[in-house]
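Following: one structure in structure tokens, then a few remarks.
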Amino acid sequence: MDRRNFLKIFGSGVATAATGNLLNPAKTNASEDNQATEFYGILVDTTRCIGCRRCEKACAEANGLPVPDIDELTNKSVLEKMRRTSDTQYTIINRYDTEKGPIYVPKRCMHCNQPGCAAACLVKAMRKRPSGHVTWDANCIGCRLCMVSCPFDIPKFEYTKAMPRIQKCNLCYDRYKKGGIPACVEVCPTQVLVFGTRRQILEEGKRRIAADPDKYVNHIYGEYEVGGTSHLYLSSVPFEQIGFRKDLGTVPYPEYSTGFLFAVPFIFVLWPIAMLGINRATKKDDESGHGENHENKEHEKGKH
Amino acid sequence: MAGEKLDTVAIVEEKDDSPKIKNLSDFWTFLKKELKPRGNIATPFNLISLPIMILGYIFIVYRLAAGLGKPITNLNQDFPWGLWIGFDVVTGVAFAGGAYVLCFVVYILRAEKYHAIIRATVLNGFLAYLFYAGAIVLDIGRWWNIYNPMIGNSFGVNAVMFLVAWHFFLYMLAELVEFSPTIAEWLGMKRLRKILGSLTLGAVVFGICLSTLHQSGLAALMIMAKNKIHPLWYTEFIPILYFVSSIFAGLSMVIFEGSISHKVFGDQIDEAHHKHYDDILVGLARICSVAMFGYFFLKIILLVHEHAVPYLNSPMGYWFLLEIIGFVLVPCFMFAHGAQQRNTSTIKFAAVITMIGIIINRLNYTFIAYNWYVPLSQKYWPAPMELIITASIILTEIWAFRWIVNRMPVLKEPPAWARKLH
Amino acid sequence: MNRKLIYFLVSIAYLILIAIGLYGVYTVEATLHVKETPVAEPQNKISIAHTEIFGKLERPQVIFDHGKHVEAMKAEGCAACHPVKKDNVISFDFPKKVKGKSKTDAMNAFHDECIECHKKQSSENKKSGPVTCADCHNKKNDKIKIKYPIAEFDFSYHDKHVRKLKEKIGKDDCGQCHHFYSLEEKKLVYKEGTEESCYYCHDLNKKRGPELTAITKVSAEKGLTIKNASHQQCLNCHLKYQKQGDKETGPTECIKCHTGKYKTVEELSKVSRPDRKQKDRIFISVENSKMKGVPFDHKNHEMTSKTCRSCHHETLKACKECHTLTGKPEGNGINLANAYHQVFSEHSCTGCHNKNKQTKECAGCHYAIPVMDVDSLNPKKDTCNTCHSGQKEKYSAAPIPMSSVEKVKKEIEIKVLENEYEPSKFPHLEVIKKLVKISNDNKMATYFHRNAKTLCEGCHHRSNISAEAQQDTPPNCKNCHMVAYDRKNPNKTRLLSAYHRQCVGCHDQMQIKKGSSFNFEEGDRCGACHKKKVGGPAEIITMKNDRVVKQNTTNIINVWHPE
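Protein chains in written order, with this note's numbering: chain A, 43 to 346; chain B, 117 to 538; chain C, 1262 to 1824.
Now the structure itself:
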């Protein structure tokens, strides 16, 4: 290797380290994941869903879960119940009977912009990837604080297994890394699900509402809820009628714990100072020179 | 007053009977001798506790092999945390809070009155952390990964749980340092005793910082369960509530544990300390009473602040009122009354009520007022195996406590060489 | 003193409290779901609650049996309970007199009148009602909710009243009911030919223009809400004829008017409309307007509306009286163009037409077609000229002849999901024939669908015929819709979903059971269009790095498992 080549490589390495990847656009195109600058997400238009449950099947196949029977007769009885995602079902479709007729709603992880689960994790097993996917890793210790912290009750724990995992939708992260789209989006026969960058799908959602204000309620669930999510929902009826909580607020969940976390350094600085100060202040003069060894002090006193 | 009484105790020159440990084999022979049980083995307590403990250990092995689900625990997707976190860890840590409060009073404020009970309290705190917080291993689903936050298999530095985990670990070390002079005295290691003794104040200051943070940190774990905890209990200030309540929770535990130790290990305690003990109880009751009143006041302010008053007229509201009146205000007045009348039995009774109140409070946050809106069929209550494992952990801790108290100078006078030492 | 006993008792008390508390907590019904009390059959009963005065009630509401009271007070008449105004007009209000405006005054007025009368009755040894609190304020009443459906005085009733009154009085006298409040004279006046709806002055819930606001203010002062005014107007008259012994007179019983049954437009189309000397045909043409005039068949539209108020929302004047070309305050600033074309108004031409397009016959096609909006869509000249013909004579719409559609393809095979399903056979001609029939059966559709090609656009949407080279056939689905999912352009509908959304959407909207998304009764929803192939996997096609990638669904396994 000649010197010029070395310098070039060395220089670009330093530049990359200093500026991220601004100076190295070629690399950005090569692998989309690490360089993703925008969150990806899915727009769910509940007015389009016909409840065929093909997404459930595709999801199970893509994630190695027990594949559900989506025969139409099974669908009929399955859709009669209200279901929730579980450790063997990352996504489910529920039917809600509303004033506008039956509405099918696919439910899965919302992939919050600032996920409570990821903020809660002490080993970063739950992680928000730069591409918007919220994924789980095997260095998890299984404390289940992510389940407590999730406003949508999404992470599910395998209670029945000796070596349990946290199970939830990961927006088909593996398929994404290989340039694919989530399995559910791929099989959906009515394009209920639109996979794209959050900006893209938010724009599309707003366009649909504006184009047909009679059809949709003027709200995109997930635009602001809990600080924004990567799954956005459109609906023709108020969201509480199709099983969405309206009391979650717009504050990102991790922000609730920042107050406590800010207090930590203060306490570590102020407490020792205060306590050592009190300790010195309460010291009696005649004891000076004996330092901290009070135990002996007391017994000595007893001797006299 | 206390000092005068102490003066009457004659300190006779004692024979130095502490072991001479020169090398490792000496240590082994000494340890073997000490590990042997002393006295009558077939006591009623042993006869009852041993079968429970053995059953508990079997269940623990079964839990580690089979996972967390039924029949071992009743945990489900709605209630990820149950008795083991709610009682063993969260409540256990609150009860261990006596150690840092007393350390503050004795080493920082230099209230020498309480010195007599400091060793037992620190030991109790240390064992509580070791066993109850250690019970977290059972609750953690992927327990073989438990060292991950320590070895840096991804540090989630911004996670509250990360802080709590590290603080538990460090605080256990700090308490071990605080207690270590006693161990050194037991082993007869004079030089080591001197070095360890000089570390005490540093360990105390460090320990109090850690305690402040992880007592409140346990509450901060629940802070992201904003929409799951009933509005009467949820507030952004639960860390402060946990911290304040840990003061009287810990002291109540000190009163409770102390009065039992004084009965059981009465022969180890000299006459002067026996008499002195009522003074200590009265003092602790005063601290408790003040802390509890502050806590009650804080609860009322937060109740108004969070606009939760309308919820009071509901079953959840009655449960809340029972907690803050029946288990905070009433024992608060009992402590005050007991301290004024110097009535130790009232104080002890109040301590027991306070402890039950703390258990109820901590369980409220973990599963009673948590996800309170789910139907009865999905609600959580402890499974029998969970209860037995918890019981066996508590009993093991008591056995360990008894073993140490019977051998080390915890309640009894330290050896003469140690008293002379400074 | 036995201290141990006290401790023991206190402990027991605590245990009991914990048990009770825990029981309450564990069985608590989440307040998230509040159960609605179902509405009961009225049966001439009235719920007296007046939450607008009392707010939250201290005691349960009173369920007042009006029918029973009428029966009991037959001799005394309505005036026994209801106040009589001048000219012997009974105001159907209760209680007769309230002393002050406070809650207590209102409460006392109710109590005084009810209890006094009950006491009086029993002192005269007549059948009487309760006098103690809980007999009226019964706890059971909390579970009862009574709501009377609005009585609709539709054109058939109007017609009947006009005819009957003419028989009785011998001449047309609309002034019997219709009146107008003159702000100058401060009294009710009537002038022939100015009859309007009661709602214009008595519906106090609606915001009105400046002139009517002054009048509704008077109505409000007199307490003449639409409810009170109607009761006063209708019942006094009915009672008058009842007293005269006229057996055919109108009802005086609550449930006889408040039936909850309403006539449809079709039923009402047989009834003649009130004659107010309005023209049958109007040529809407405004001076200085840019557009050509519109021949408007007023009579036809009368027949398709349930009330005059459907269009004449505030007065019975012509639109342009308030909505001028530039807009003026009387018309709420809305100019004429918008008054006619506002898509989301219920009173505008376009708005009402759009509403009609949402009926199940029309929605099959129209749900997918964007609503016509003069502002946003840049409408074609032909579209505007459909109405703006500039000819005084109305276009006489002819139905689409069936023969014009005979030459289209009879059946189309769709094979997008070939791997998983048998091809789906779409009965192209049959569908078109059905659509032609629906269009021909509907007056409005016949008017606007002027030739068979208009109907094609229902499915073959967004074709730009003038730009297309092959103008004889409409474009196929796959001319625009890609087979693959385009990652770069995710909003584009792919062929698979284009078919499903078009077909299933239309079946859903037209409530055709076969092939709709909500009908499970037929068993196999998918099977309605395509039979499943045995063991055939679905094929999925995506775009990846601008290359088409084909996979089978059984191959999409791509497990993301960190373990």
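No residue lacks a Cβ here, since even glycine has one placed at the ideal position from N, Cα and C.
Here the structure is a predicted model, which is why all the values come from computation and not from measurement.
Query: State the Cα-Cα distance for the pair I210(B) and S368(B), rounded to the nearest angstrom.; Result: Note that residue 210(B) is Ala in the sequence shown, not Ile. Roughly 10 Å between the two C-alpha positions.
Query: Comparing the C-beta of R1264(C) with each C-beta of chain B, is any distance below 9 Å?; Result: yes
Query: With a cut-off of 9 Å, does the C-beta of L1757(C) fall near any C-beta of chain A?; Result: yes
Query: For N260(A), collect the residues of the same chain with a Cβ closer than 8 Å to its Cβ; drop the 5 residues on either side in sequence, then sort them by chain order.; Result: I251
Query: Does the separation of the CB atoms of I1324(C) and I1405(C) fall below 9 Å?; Result: yes
Query: Could you give the residue range of the beta strand (DSSP E) that holds K1306(C)?; Result: K1306 to I1309
Query: Using three-state DSSP, classify Y173(B) as helix, strand or coil.; Result: helix
Query: For the beta strand (DSSP E) that contains W178(A), what are its first and last residues?; Result: V176 to W178
Query: When you compare only the Cα positions, how much space is there between I1273(C) and G1282(C)?; Result: 14 Å
Query: Within 9 Å (strictly less), CB to CB, does G1316(C) reach chain B?; Result: no
Query: Below 8 Å on C-beta distance, what does T324(A) contact in chain B?; Result: I224, L225 and R226
Query: With H, G and I counted as helix, E and B as strand and the rest as coil, what does DSSP make of L164(A)?; Result: coil
Query: What is the DSSP secondary structure of N1701(C), counted as helix, strand or coil?; Result: helix
Query: Can you tell me the Cα-Cα spacing of H1398(C) and G1390(C), whole angstroms?; Result: 13 Å
Query: How big is the Cα-Cα spacing for R1534(C) and P1356(C)?; Result: 39 Å
Query: Helix, strand or coil for F1781(C) per DSSP?; Result: coil
Query: Could you have a look at D142(B) and say whether DSSP puts it in helix, strand or coil?; Result: helix
Query: Kindly list, in the order they appear in chain C, the residues whose Cβ is closer than 8 Å to that of K342(B).; Result: None at all; the shortest Cβ gap to chain C is about 15 Å.
Query: So with Cβ pairs under 9 Å, would you call Y1275(C) a contact of chain B?; Result: yes
Query: Report the neighbours of P1631(C) on chain A: residues whose CB is nearer than 9 Å to its CB, in chain order.; Result: A253 and D254
Query: Measuring only between beta-carbons, confirm whether P500(B) sits less than 9 Å from chain C.; Result: no
Query: Taking only beta-carbon positions, decide if V1697(C) is within less than 9 Å of chain B.; Result: no
Query: Taking D1403(C) as the reference, give the member of K1317(C), H1463(C) and D1433(C) with the closest Cα.; Result: K1317(C)
Query: Are T1587(C) and A1658(C) close, meaning C-beta to C-beta below 9 Å?; Result: no
Query: Bridge partners for I233(B) per DSSP, in chain order?; Result: Paired residues: none, contrary to the question.
Query: Can you tell which of M1564(C), M1552(C) and R1748(C) has its C-alpha closest to the C-alpha of C1645(C)?; Result: M1552(C)
Query: Just the Cα atoms here: how many angstroms apart are Y1284(C) and P255(A)?; Result: 48 Å
Query: With a CB to CB cut of under 6 Å and the five nearest residues on each side skipped, what residues in its chain are close to A1370(C)?; Result: P1356 and V1359
Query: What residues are listed by DSSP as bridge partners for Q209(A)?; Result: K198(A)
Query: If I measure Cβ to Cβ from K1775(C) and keep anything under 6 Å in the same chain, skipping five residues before and after, which residues do I get?; Result: A1789
Query: Give me the DSSP bridge partner(s) of Y263(A).; Result: Y275(A)
Query: Any chance you could list the beta strand (DSSP E) runs of at least 3 consecutive residues sitting entirely within the region 1478–1530 of chain C, in chain order?; Result: none
Query: Leaving out five residues before and five after N1780(C) in sequence, what residues of the same chain have Cβ atoms less than 7 Å from its Cβ?; Result: K1774 and R1786
Query: In the DSSP assignment, find the unbroken alpha helix (DSSP H) run with F295(B) in it and report its ends.; Result: V276 to L303
Query: Mark N429(B) as exposed unless 16 or more other C-beta atoms lie within 10 angstroms of its C-beta, in which case mark it buried.; Result: exposed
Query: Once the 5 residues before and after Y82(A) are set aside, which same chain residues still bring their CB inside 8 Å of it?; Result: S173, G174, H175, L213, Y218, F237, G238, T239, R240 and S272
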